[in-house]
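Chains A and B, in that order, are what the protein sequence lines are. Counting from 0, one number per residue, gives the positions in the first sequence under numbering that gives the first Met the number 0. Counting from 0, one number per residue, gives the positions in the second sequence under numbering that gives the first Met the number 0. What follows is a set of notes on a single structure, which appears directly below.
Protein chains: 2
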Amino acid sequence: MTTIAFHIIGQDAKSAARTGILATPHGLIETPVFMPVGTKATVKAMTPEELEQLGATIVLANTFHLALRPGDELVHELGGLHRFMNWKRAILTDSGGFQVFSLSKLNKITDEGVAFRSPLDGSMIFLTPEKSVRIQENLGADIIMCFDECPPYPASYDYVKASSERTARWAERCKAAHRREDQALFGIVQGGVYTELRAWSARATVAIDFPGYAIGGLSVGEPKNEMIAALGVMNELLPRERPRYLMGVGTPEDFFTGVRHGVDMFDCVMPTRTARNGRLYTNEGLINIRNACYTRDPRPISESCACYTCRNYSRAYVRHLMMSNEILGARLTTLHNLFYFCDLMSRIRDGIKRGNLAEVEEHALAAYRNPAQTP
Amino acid sequence: MTTIAFHIIGQDAKSAARTGILATPHGLIETPVFMPVGTKATVKAMTPEELEQLGATIVLANTFHLALRPGDELVHELGGLHRFMNWKRAILTDSGGFQVFSLSKLNKITDEGVAFRSPLDGSMIFLTPEKSVRIQENLGADIIMCFDECPPYPASYDYVKASSERTARWAERCKAAHRREDQALFGIVQGGVYTELRAWSARATVAIDFPGYAIGGLSVGEPKNEMIAALGVMNELLPRERPRYLMGVGTPEDFFTGVRHGVDMFDCVMPTRTARNGRLYTNEGLINIRNACYTRDPRPISESCACYTCRNYSRAYVRHLMMSNEILGARLTTLHNLFYFCDLMSRIRDGIKRGNLAEVEEHALAAYRNPAQTP
Chain A
0 MTTIAFHIIG QDAKSAARTG ILATPHGLIE TPVFMPVGTK ATVKAMTPEE LEQLGATIVL
60 ANTFHLALRP GDELVHELGG LHRFMNWKRA ILTDSGGFQV FSLSKLNKIT DEGVAFRSPL
120 DGSMIFLTPE KSVRIQENLG ADIIMCFDEC PPYPASYDYV KASSERTARW AERCKAAHRR
180 EDQALFGIVQ GGVYTELRAW SARATVAIDF PGYAIGGLSV GEPKNEMIAA LGVMNELLPR
240 ERPRYLMGVG TPEDFFTGVR HGVDMFDCVM PTRTARNGRL YTNEGLINIR NACYTRDPRP
300 ISESCACYTC RNYSRAYVRH LMMSNEILGA RLTTLHNLFY FCDLMSRIRD GIKRGNLAEV
360 EEHALAAYRN PAQTP
Chain B
0 MTTIAFHIIG QDAKSAARTG ILATPHGLIE TPVFMPVGTK ATVKAMTPEE LEQLGATIVL
60 ANTFHLALRP GDELVHELGG LHRFMNWKRA ILTDSGGFQV FSLSKLNKIT DEGVAFRSPL
120 DGSMIFLTPE KSVRIQENLG ADIIMCFDEC PPYPASYDYV KASSERTARW AERCKAAHRR
180 EDQALFGIVQ GGVYTELRAW SARATVAIDF PGYAIGGLSV GEPKNEMIAA LGVMNELLPR
240 ERPRYLMGVG TPEDFFTGVR HGVDMFDCVM PTRTARNGRL YTNEGLINIR NACYTRDPRP
300 ISESCACYTC RNYSRAYVRH LMMSNEILGA RLTTLHNLFY FCDLMSRIRD GIKRGNLAEV
360 EEHALAAYRN PAQTP
């Protein structure tokens with residue numbers, strides 16, 4: 000039994016790319032989709048209305064951060080994440096696994112779970128698959144994730160093998176612990192860059208049977224060709240009729256790579272984080288609005304962009320705001336970058352439907368492949 | 000000749016309070032009015048659309064800051080402040096005088112002008128009445144201010160006398176230097192807390208003849224009764240048919256004091272600055288949303304408030320955002336406080352029109368006079 004439904008409505012002739020509709024308790028999501036990251040129950044600098052207006056249909060929130068502050072029980076008491084943050088569309092929470100390993104110190108992994116120190120107050124916390132599921136049930140997202148270990152890169156074959164096996168055992172425990180019928184629990188495939196382990200992990204996870212599958216442990220520093228090889232295995236072994244989510248990815252280039260390997264969902268902090276540093280994605284390439292060359296530039300960030308920022312403000316003004324550390328600067332740049340990412344996904348969906356994905360890719364990536372062309 | 004027109008449309012029977020319409024090249028302003036402060040060509044954390052929606056009809060920008068960065072010539076080149084910051088309603092710029100004395104070090108005053116070090120790069124800058132007017136012409140606000148000296152409090156009678164006389168001489172030079180016909184240049188009355196000097200300064204400034212008058216040098220640390228005495232002199236001596244602007248004031252209580260002494264315009268950084276620290280104005284009193292008592296509070300900041308924040312978010316969520324230093328926290332609190340200030344002015348205008356200003360005051364200030372009642 001699952002609360003979501005996935006319908007593939009278009010398929011690329013030359014690759015595994017597909018476009019579809021993912022129905023959730025909080026609305027329909029056209030795939031492939033980019034999910035803005037709202038770590039602490041807020042996509043940094045944005046209101047929910049702005050996110051909807053720029054085309055976001057699902058956001059990601061981080062279980063690790065929210066469990067620490069304000070606490071999942073508080074969120075539950077206040078009606079769950081949707082109500083807490085006033086976001087009426089779909090939400091996906093991660094399991095906290097990735098952050099336990101990447102953000103906390105002194106973590107100790109056993110088969111039972113992971114012990115780590117809270118980065119907020121240094122207290123010891125013990126997180127298990129069952130606890131991760133309970134926290135995510137309290138948060139109340141539409142899609143929740145199995146608790147997993149994301150091995151670092153590089154890591155030895157033996158380490159990744161033991162880790163992937165543990166992640167598979169944890170996935171069974173997560174499924175057994177999960178009670179809420181208005182949430183879909185996704186499995187996570189690991190296996191690092193070892194295609195044999197990727198295949199094992201995919202088969203083991205699919206055998207447990209989840210309504211959707213995430214591809215974890217990629218874009219953690221490995222060469223592109225290793226990521227592509229792993230994606231190839233995933234595309235072969237994950238059931239075609241279920242949604243696939245490539246975690247923590249990525250760049251505009253990565254989207255095309257992922258989509259061609261049958262990926263439906265993406266998330267990444269990059270558009271929001273780099274925006275606050277002044278790095279802006281445009282059809283004409285990446286620009287850093289803090290550069291002196293934009294000091295007196297009356298043009299919008301991108302003349303081909305239809306976002307609120309580009310319709311109303313000059314590069315000179317946005318640069319002035321960024322140089323002055325004004326909050327409105329972070330707002331305008333974040334809005335622009337998220338618009339670009341969501342709009343790029345919309346163009347990718349159209350490209351799949353119309354059979355001209357290659358053209359869409361060429362148009363979108365030309366400026367990124369040749370930085371000399373950047374504005 | 001002036002570009003603004005002021006029409007008094009209602010007068011309180013028991014005080015000098017009046018309500019009117021100030022017509023500017025960028026729209027009508029109902030007075031008494033609160034002007035949000037947009038120091039660096041942005042009201043911190045707000046878009047122009049949000050300001051309009053919460054009822055702002057004029058904002059203030061700071062000549063001193065903008066002359067330093069991005070520079071008034073750049074703003075002029077990009078079409079002036081309105082276009083630069085995408086604000087379609089009225090703008091008032093101060094003269095830079097106040098900041099020269101309060102923010103810069105090593106300032107040296109002569110009759111010619113003031114020499115001071117730039118707080119940005121330490122370079123020496125020499126500002127004169129003529130330069131202040133030229134900068135403000137470049138910025139292009141609807142209402143601009145004479146270059147003045149705001150004496151500190153306390154200051155000796157002799158110091159304030161000499162300073163007020165110089166400010167009057169500077170006012171003549173400002174008027175002589177002012178060329179733009181689409182801007183109104185306001186005079187500024189000084190005189191500190193010495194009613195005799197206040198009277199002298201008012202007469203001297205009115206003799207030069209300006210389309211509006213600002214009352215400077217109050218709310219700089221003097222006791223309330225001294226401020227009230229000075230306002231009494233101002234009300235007597237400033238022409239009733241011209242708009243009056245009490246600079247840098249103030250609190251909800253100060254608004255009623257000012258309005259009863261015939262003041263039409265107010266500005267203050269307080270609602271925006273305190274919002275970013277979590278201090279929120281409500282009809283029920285002042286609250287600090289960071290207090291632990293709001294951790295699980297599902298109510299809006301104020302149940303009697305109609306602002307976007309109060310219609311959509313709980314105290315618990317706003318507190319969570321503030322404790323996490325999230326940008327959305329600064330947005331929601333700023334919007335709430337500005338709404339409160341603009342709405343309070345709207346209620347004051349209604350009170351004058353309907354003859355129940357005392358009731359409006361009692362309702363608005365009761366909670367502030369008795370902090371035990373705060374929510």
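Glycine is no exception: its CB is placed at the ideal position from the N, C-alpha and C atoms. In this text the structure is predicted, and so the values were computed from the model without any measurement.
Measuring only between beta-carbons, confirm whether residue i sits less than 8 Å from chain A.
{"i": "arginine 400(B)", "result": "Absent from the structure is residue 400(B), since the part of chain B shown begins at 0 and ends at 374."}
{"i": "methionine 84(B)", "result": "yes"}
{"i": "methionine 322(B)", "result": "yes"}
{"i": "histidine 319(B)", "result": "yes"}
{"i": "lysine 39(B)", "result": "yes"}
{"i": "isoleucine 403(B)", "result": "An answer regarding residue 403(B) cannot be provided, because it is not within the stretch 0 to 374 covered by chain B."}
{"i": "glutamine 372(B)", "result": "Low local confidence applies: a pLDDT of 48 at glutamine 372(B) is under 50, so the model's placement there is unreliable, and no value is given."}
{"i": "arginine 278(B)", "result": "no"}
For residue i, which residues of its own chain have a beta-carbon under 6 Å away from its beta-carbon, when the five flanking residues on both sides are left out?
{"i": "glutamine 10(A)", "result": "Arg17"}
{"i": "cysteine 309(A)", "result": "Pro299, Ile300, Ser301"}
{"i": "leucine 230(B)", "result": "His260"}
{"i": "valine 232(B)", "result": "Thr194, Arg197, Ala198"}
{"i": "isoleucine 351(B)", "result": "Gly9, Asp11, Ala16, Thr18"}
{"i": "glutamine 182(A)", "result": "Ile143"}
{"i": "methionine 226(B)", "result": "Leu217"}
Who are residue i's beta bridge partners in DSSP?
{"i": "threonine 92(B)", "result": "Ala60(B)"}
{"i": "glycine 9(A)", "result": "Thr18(A)"}
{"i": "aspartate 266(A)", "result": "Met34(A)"}
{"i": "alanine 213(A)", "result": "Ile187(A), Tyr244(A)"}
{"i": "asparagine 287(A)", "result": "Arg278(A)"}
{"i": "leucine 27(B)", "result": "Ala22(B)"}
For residue i versus residue j, is the C-beta spacing smaller than 8 Å?
{"i": "aspartate 147(A)", "j": "threonine 166(A)", "result": "yes"}
{"i": "alanine 66(B)", "j": "glycine 95(B)", "result": "yes"}
{"i": "leucine 285(A)", "j": "threonine 332(A)", "result": "no"}
{"i": "glycine 139(A)", "j": "histidine 64(A)", "result": "no"}
{"i": "leucine 196(A)", "j": "valine 159(A)", "result": "yes"}
{"i": "tyrosine 152(A)", "j": "valine 99(A)", "result": "no"}
{"i": "leucine 73(B)", "j": "arginine 295(A)", "result": "yes"}
{"i": "methionine 144(B)", "j": "aspartate 93(B)", "result": "yes"}
{"i": "glycine 215(B)", "j": "valine 188(B)", "result": "yes"}
{"i": "isoleucine 326(A)", "j": "lysine 43(B)", "result": "yes"}
Among the residues of its own chain, which have a CB less than 7 Å from the CB of residue i, if the five just before and after it don't count?
{"i": "methionine 123(A)", "result": "Ala114, Arg116"}
{"i": "glycine 19(A)", "result": "Phe5, His6, Ile7, Ile8, Thr30, Asp263"}
{"i": "histidine 177(A)", "result": "Val132, Leu184"}
{"i": "glutamate 49(A)", "result": "Leu334"}
{"i": "glycine 26(B)", "result": "Thr56, Arg88, Ala89"}
{"i": "arginine 172(A)", "result": "Pro128, Glu129"}
Thinking C-alpha only, which one of the options is nearest residue i?
{"i": "serine 180(B)", "options": "Asp141(B), Leu364(B), Ala203(B), Pro150(B)", "result": "A quick correction: the sequence has glutamate, not serine, at residue 180(B). Considering only alpha carbons, the answer is Asp141(B)."}
{"i": "glycine 191(A)", "options": "Ser200(A), Thr256(A), Thr56(A)", "result": "Ser200(A)"}
{"i": "isoleucine 288(B)", "options": "Ala315(B), Ile207(B), Lys13(B)", "result": "Ala315(B)"}
{"i": "proline 270(A)", "options": "Val248(A), Gly257(A), Phe255(A), Asn290(A)", "result": "Val248(A)"}
{"i": "arginine 275(B)", "options": "Val317(B), Ile351(B), Leu237(B)", "result": "Val317(B)"}
{"i": "lysine 87(B)", "options": "Lys130(B), Thr41(B), Leu119(B)", "result": "Thr41(B)"}
{"i": "cysteine 341(B)", "options": "Thr250(B), Asn137(B), Pro299(B), Glu240(B)", "result": "Thr250(B)"}
{"i": "cysteine 149(A)", "options": "Asn85(A), Ala175(A), Leu217(A), Gly186(A)", "result": "Leu217(A)"}
{"i": "phenylalanine 254(A)", "options": "Gln182(A), Ala12(A), Met34(A)", "result": "Met34(A)"}
{"i": "arginine 82(B)", "options": "Arg68(B), Leu53(B), Pro47(B), Thr62(B)", "result": "Pro47(B)"}
{"i": "proline 24(B)", "options": "Leu337(B), Thr2(B), Trp169(B), Pro297(B)", "result": "Thr2(B)"}
{"i": "glutamate 136(B)", "options": "Asn355(B), Thr62(B), Thr256(B), Gln52(B)", "result": "Thr62(B)"}
{"i": "cysteine 304(B)", "options": "Leu53(B), Lys39(B), Ile28(B), Arg241(B)", "result": "Leu53(B)"}
{"i": "lysine 39(B)", "options": "Leu91(B), Ile28(B), Lys13(B)", "result": "Leu91(B)"}
Is there at least one Cβ from chain B nearer than 8 Å to residue i's Cβ?
{"i": "isoleucine 90(A)", "result": "no"}
{"i": "asparagine 311(A)", "result": "yes"}
{"i": "methionine 0(A)", "result": "A caution first: methionine 0(A) carries a pLDDT of 47, below 50, which makes its placement in the model unreliable, though a value can still be read off. Chain B contact via Cβ: absent."}
{"i": "glutamate 404(A)", "result": "A question about residue 404(A) goes unanswered here, because the residues of chain A that appear run from 0 up to 374."}
{"i": "threonine 46(A)", "result": "yes"}
Tell me which same chain residues have a C-beta within less than 8 Å of the C-beta of residue i, skipping the five on either side of it?
{"i": "valine 32(A)", "result": "Leu21, Thr56, Ile57, Asp263, Met264, Phe265, Met344"}
{"i": "glutamine 372(B)", "result": "Here the model assigns glutamine 372(B) a pLDDT of 48, short of 50, so the residue's position is not dependable, and the following value carries that caveat. Excluding sequence neighbours, glutamine 372(B) sits near Glu283, Gly284, Ala365, Ala366."}
{"i": "arginine 202(B)", "result": "Leu236"}
{"i": "valine 205(B)", "result": "Gly186, Tyr212, Leu236, Leu237, Pro238"}
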